[in-house]
Amino acid sequence: MSGTGATRVWRKSGEATTRVHLGHGLSVGGGDFVVVAGPCAIESAEQLEKTSGAVKQAGAHALRGGAFKPRTSPYSFQGMGEPGLKLLAEQGSKLRLPVVSEILDAAQLPLMLDYVDVLQIGARNMQNFTLLRAVAKAGRPVLLKRGFGATLDEWLLAAEYLLDGGNDDVILCERGVRTFDTTLRNTLDLAGMAWVKEKSRLPVLVDPSHSTGVQSLVTPMALAAAAAGADGLLVEVHVNPAEALCDGRQALTPALFGGLMSALQGVLGATGRKLAHAEPLHAVGGTR
Ligand code: PEP
Ligand code: MN
Numbered sequence: 180m181s182g183t184g185a186t187r188v189w190r191k192s193g194e195a196t197t198r199v200h201l202g203h204g205l206s207v208g209g210g211d212f213v214v215v216a217g218p219c220a221i222e223s224a225e226q227l228e229k230t231s232g233a234v235k236q237a238g239a240h241a242l243r244g245g246a247f248k249p250r251t252s253p254y255s256f257q258g259m260g261e262p263g264l265k266l267l268a269e270q271g272s273k274l275r276l277p278v279v280s281e282i283l284d285a286a287q288l289p290l291m292l293d294y295v296d297v298l299q300i301g302a303r304n305m306q307n308f309t310l311l312r313a314v315a316k317a318g319r320p321v322l323l324k325r326g327f328g329a330t331l332d333e334w335l336l337a338a339e340y341l342l343d344g345g346n347d348d349v350i351l352c353e354r355g356v357r358t359f360d361t362t363l364r365n366t367l368d369l370a371g372m373a374w375v376k377e378k379s380r381l382p383v384l385v386d387p388s389h390s391t392g393v394q395s396l397v398t399p400m401a402l403a404a405a406a407a408g409a410d411g412l413l414v415e416v417h418v419n420p421a422e423a424l425c426d427g428r429q430a431l432t433p434a435l436f437g438g439l440m441s442a443l444q445g446v447l448g449a450t451g452r453k454l455a456h457a458e459p460l461h462a463v464g465g466t467r
């Protein structure tokens, strides 16, 4: 990244990973592994409630759901908008989980700030510099996904916009890039993730859902990400993937997600790490 003037995103010699606080006592970057889970899109009160309860029960640390969806086709489901954000905030406070949702446009900022703990900037907006500048001033943690055509340098420079704009609470998320091979939805760049962990002080999540596009590959790639030193995961879960309005083929069922959470403990233990503490469902008044 020589000659670009970037200074804030790098890890100085011996510097610890920046710890980003998400709310409800949860932080990312402190060493313990954090799992952010939920449906690609918020579709209804019932779908969100069932999915949120299931991920909470399995030990997820934060809840993610899209209310504004950046769909490739204008005819695909675009998200519920504000009513969806409201449902997400309700589940977050009921289950005591920080909530994450994607912002598509700076004009949505006041609305988003009313409902979400963490602002997600999606792959398609990674280099939307006016959005980055606006979000930098919002005073809320940001989850910055890697653009599917972005180099590692470009990704870190996008993060630099947020840091330069006054927001130090930035979490990166590797979600796969587009390569010559179109067999899978994307190509998960785990080596790139590990390089970024070395070079940058920012915490990095891996998204095994968009990087594969295939349900059966989500758990193995999630475990590989944990073994390779990621700070956590962003993973799509749906109470009924066959009926999902968005990204159903890559969604884990609640049962598969539970299996992933158990398997993570073994992988993290083997590398001297552990899952972040998660308050059990019964402690927040859940029925199960
Ligand atoms: C998503 O997280 O649902 C999403 C649209 O991801 P990406 O921006 O990585 O494509
Ligand atoms: Mn999705």
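The working numbering applies: residue 180 is where the sequence shown begins, and numbers increase by one. Even glycine gets a Cβ: it sits at the ideal position worked out from N, Cα and C.
Quick one: what does DSSP say L367 is sitting in, helix, strand or coil? Of the three classes helix, strand and coil, the one that applies to L367 here is coil, per DSSP.
Quick one: give me the first and last residue of the alpha helix (DSSP H) that L460 is part of. Counting along the chain, L460 sits inside no alpha helix (DSSP H), nor does DSSP assign it H or E at all.
Determine the burial state of H461: buried for a count of at least 16 other Cβ atoms within 10 Å of its Cβ, exposed for fewer. Classification of H461: exposed, given that the 10 Å Cβ count is below 16.
How far does the beta strand (DSSP E) with V295 in it extend, from its first residue to its last? That residue, V295, is in no beta strand (DSSP E); it is neither H nor E in DSSP.
Who are the near neighbours of A439 in its chain, counting only those whose CB is closer than 7 Å to its CB and skipping five residues on each side? Contrary to the premise, residue 439 reads as Leu rather than Ala in this sequence. Only T398, A401, L431 meet the Cβ criterion.
How big is the Cα-Cα spacing for T391 and L367? Inter-residue distance for T391 and L367 is about 7 Å (C-alpha atoms, whole angstroms).
May I have the straight-line CA-CA distance separating S379 from K453, to the nearest angstrom? Taking the straight line from one Cα to the other gives about 22 Å.
Run through DSSP, which three-state label would K453 get? K453 falls in the coil class under three-state DSSP.
Could you check whether the Cβ of A302 sits closer than 6 Å to any heavy atom belonging to the ligand PEP? The beta carbon of A302 sits closer than 6 Å to at least one heavy atom of the ligand PEP.
Return yes when at least one heavy atom of the ligand MN lies under 6 Å from the C-beta of D348, else no. D348: no, Cβ never under 6 Å from the ligand MN.
State the Cα-Cα distance for the pair A449 and P433, rounded to the nearest angstrom. A direct Cα-to-Cα measurement between A449 and P433 gives close to 25 Å.
Straight-line CA distance for Y254 to L424? Spanning the two alpha carbons is a distance of roughly 12 Å.
Less than 8 Å between the CB atoms is what I'm expecting for H240 and L264, so what's the real figure, rounded? H240 to L264, Cβ: 20 Å. No contact.
Anything with a beta carbon under 7 Å from a heavy atom of the ligand MN counts; list them all in chain order. With the criterion CB distance below 7 Å from any heavy atom of the ligand MN, the matching residues run C219, G245, S388, H389, E415, C425, D426 along the chain.
Tell whether a beta-carbon distance below 7 Å holds between C219 and G245. In this structure, C219 lies near G245, with their beta-carbon atoms less than 7 Å apart.
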